[in-house]
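Numbering (my numbering), first residue to last: 176 to 385.
Using N, Cα and C, we set each Cβ at its ideal position, and we do this for glycine too.
A quick note: this is a predicted structure, and the numbers were derived from the prediction, not measured.
Structure first, then comments.
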Amino acid sequence: MDRQGILIVVSGFSGAGKGTIMKELLRRYEQYALSISATTRAPREGEKEGREYFFKSREAFEQMIADGELIEYACYVGNYYGTPRAYVEEKLSEGRDVILEIEIQGARRIREQFPDAVLLFVTTKDIDTLRERLDRRGTETKEVILQRLMRAEQESEGMEEYDYLVVNEDLDECVMKIHGIIESEHQRIVRSGELIDRVRKELKRFSKGE
Ligand code: 5GP
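Below, the structure is given as structure tokens:
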């Protein structure tokens, strides 16, 4: 790909359907690369090492922090989560759009370090739907669900810090909307410097009669 990759942050309340949306984006379009985070949370049933997460002990995670291996990390409902640096840098340099599915503290750290990153927030249309989805998923205890809903309340305070808000009512529509946003971002003038330079140079040559 001859265009510059974009760093994309996708946040949203637990249960908003981010995971499913990401899977579908990746399945449909080759341009995306999804960063796999490291975490100290225990694997859920069906989760595989290196596919959903790199599962780490607290000590191993703290070592990664000390070694500067993470672009950002945060604590979420009692566990560490962080983004490994190497993969993100590699994929961006290949021109891929790299997606980080991370919570809000991480999103803020990314904004500081990568001002060109595009930040999306995904939500359900209402909170009843969110609770229903968390209950239906059945992977968390009642207590953890409650903690996650409380965390959602805190996170809602930061929604204005994002660039786009996407409501996930229908998966297909939501995936198309997100892809549309990213494609529009690629067309922004600030990301088109190289093309503009080339066009100008060619026009100069042409007007000189070369
Ligand atoms: P879950 O336990 O449901 O997989 O993830 C819990 C929260 O951690 C979600 O909001 C998810 O987006 C966030 N998260 C996952 N990986 C990372 C990461 O690398 N950094 C940060 N800051 N948050 C993450």
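Bridge partner(s) assigned by DSSP for residue i
i: residue 328; result: None, per the DSSP bridge assignment.
i: residue 254; result: 251
i: residue 224; result: 228
i: residue 214; result: 230, 256
i: residue 245; result: 259
Residue span of the alpha helix (DSSP H) that contains residue i, given as start and end
i: residue 236; result: 233–241
i: residue 359; result: 346–361
i: residue 274; result: Premise fails: residue 274 lies in the beta strand (DSSP E), 272–276, not in any alpha helix (DSSP H).
i: residue 381; result: 368–382
i: residue 262; result: 260–268
i: residue 194; result: 193–203
i: residue 281; result: 279–288
Distance cut-off 6 Å: residue i Cβ against heavy atoms of the ligand 5GP
i: residue 299; result: no
i: residue 258; result: yes
i: residue 216; result: yes
i: residue 251; result: yes
i: residue 196; result: no
i: residue 149; result: Residue 149 is absent from the model: the chain starts at 176 and stops at 385.
i: residue 313; result: no
i: residue 331; result: no
Own chain residues within Cβ distance below 8 Å of residue i, not counting five before or after
i: residue 271; result: 176, 180, 206, 207, 208
i: residue 319; result: 252
i: residue 360; result: 181, 293, 366
i: residue 350; result: 196, 199, 200, 203
First and last residue of the uninterrupted beta strand (DSSP E) at residue i
i: residue 297; result: 293–298
i: residue 183; result: 182–187
i: residue 342; result: 339–342
Beta-carbon proximity check, residue i vs residue j, cutoff 7 Å
i: residue 292; j: residue 182; result: yes
i: residue 254; j: residue 216; result: yes
i: residue 247; j: residue 221; result: no
i: residue 190; j: residue 309; result: yes
i: residue 188; j: residue 305; result: yes
i: residue 267; j: residue 339; result: no
i: residue 228; j: residue 210; result: no
i: residue 341; j: residue 353; result: yes
i: residue 300; j: residue 344; result: yes
6 Å Cβ shell around residue i - same chain, five flanking residues per side excluded
i: residue 276; result: 185, 193, 197
i: residue 289; result: 182
C-beta neighbour in chain B for residue i, strict 7 Å
i: residue 365; result: No chain B is present in this structure, which holds just one protein chain.
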